[in-house]
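In this note's numbering, the protein residues as written are 308 to 486. Ideal Cβ positions, reconstructed from N, Cα and C, are used throughout, including at glycine. Just below is one structure, and these are the notes that go with it.
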């Protein structure tokens, strides 16, 4: 009976040791699970923040496109015959473009200078350049960074309107802001 009792006691000790080992493993698994749960929470939170940032960026992009489209609809400055001075009637148009460019220093604009067909091609290239420079300088004086501005002259080469009427000539004497 003593040997049976000793054998049972030995089996019981082995069983309790194994049970303690299993309990330790369960506790370790619980700790690992808690750690993984915390990591998962942090990853989900990070993804949510990134999703929100992406949504904000998309909204800002669409707002920027909307503003650009509005500016593109009102992007032409007309000039008097053989002149390169910006008329006061274009102040609001250029102020709108300047506000946009100042608010978005990553955006650049090309100012294209154009003329009507009267005059020599060489003279008209020079006049178109003076018109483009005049608009660019106007924008700079409103606070636009010079690095955002480029100019090009097309002279008489890209008319807005074909023809030799006074109206056609007037539509071709222009500077165009191209984003």
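Our two residues, residue 465 and residue 366, have alpha carbons roughly 36 Å apart in a direct line. Linking residue 444 to residue 386 through their CA atoms gives a straight-line distance of about 15 Å.
By the criterion of a C-beta distance shorter than 7 Å, residue 396 is surrounded by no residue of its chain, once the five residues flanking it on both sides are discounted.
Look at residue 388 here: in three-state DSSP terms it is coil, with no helix or strand label. Using a Cβ distance threshold of 7 Å, residue 416 and residue 486 count as a contacting pair. When Cβ pairs closer than 8 Å are counted between the two stretches, the region 376 to 385 is seen not to touch the region 422 to 430, the count staying below three. Following the DSSP letters along the chain, one finds residue 326 inside the alpha helix (DSSP H) bounded by residues 309 to 380. With respect to the C-alpha of residue 368, the residue from 330, 334, 411 having the closest C-alpha is 411. For residue 445, no beta strand (DSSP E) run applies; the uninterrupted alpha helix (DSSP H) run containing it begins and ends at 428 to 448, by DSSP. With respect to the 7 Å criterion, residue 482 and residue 454 are not classified as neighbours on the basis of their beta carbons. Judged by DSSP secondary structure, residue 408 falls within the alpha helix (DSSP H) whose first and last residues are 398 to 410.
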